[in-house]
Each structure stands twice: as structure tokens, then as C-alpha cells.
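Presented below is the structure to which this report refers.
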Amino acid sequence: MIRHLVLFRLNEGVRRDDPRVEKGVEAFESLDGKIPDIRFWECAWNISDRPIAYDYAINSAFDDEAALRRYAEHPEHQAGVGLWREFATWVIADYEF
16 MIRHLVLFRL NEGVRRDDPR VEKGVEAFES LDGKIPDIRF WECAWNISDR PIAYDYAINS
76 AFDDEAALRR YAEHPEHQAG VGLWREFATW VIADYEF
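As C-alpha cells, this is what we get:
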């Protein structure tokens, strides 16, 4: 199995209640069930107020690297990525477990 973690940081001046952000969150929250390769899916806002903390996280799992690649290339995923590019940056970690 492959764990796929993504941590998002909103750009300077962008707030959670920004309509673009709300649409981006909705896009990612709706992916579970739309992409067959997803084995585990959760996403949520960070609750930590530490200055090094990111704002939003996705924790997901896939059977193997091929499944993760299909997910990454899936049009529904790409649509969400396109939204988030407008207001955030992110880091990714993928590892076997």
C-alpha cells in the first residue's frame, strides 16, 4: 500500500471562507467514491495554531504506485488541483506502509 499525504498552505491573505477555497475543499472532499483507485480518503482543516503548521491536509492510500499515478492523472483530481493552484501551495509525501 502507498500512503499519499498532502499538506496545503493558503497563500498570504487567503482565508478559509474565501469562496475559491470553499470550492477547492468541496472538490477534494468529493473525490472519495469518484476515483476507484482510492482505498482510504480523509481530508480536513488543521486545528493546530503553531506557526509552522499547514492549513489543510489530505491523507489517502492506494494499492500501489500505479494506482497512485492513475489517481494523480484522473480528471476529477486534476480539476481539484487546478482550483487549489489559485490560492495555495503544498507539499507531498508518498511512502509504502
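Residue numbering for the sequence shown follows the working numbering, starting at 16 and increasing by one per position.
Don't be surprised by glycine CBs; every beta carbon is placed ideally from N, CA and C.
Problem - Buried versus exposed, by CB contacts within 10 Å (16 or more), F55 - result: exposed
Practice task
Could you pull out every residue in the same chain whose Cβ sits closer than 7 Å to the Cβ of F43, ignoring the five residues on either side in sequence?
Solution key: C58, I73 and G95
Practice task
In the DSSP assignment, find the unbroken alpha helix (DSSP H) run with R100 in it and report its ends.
Solution key: First-last for R100: undefined, no H or E at that position.
Practice task
Using beta-carbon positions only, say whether A103 and R18 come within less than 8 Å of one another.
Solution key: Result no, Cβ atoms of A103 and R18 do not sit closer than 8 Å.
Handout entry: Span separating the alpha-carbon of D78 from that of E101
Key = Roughly 30 Å separates the two Cα atoms.
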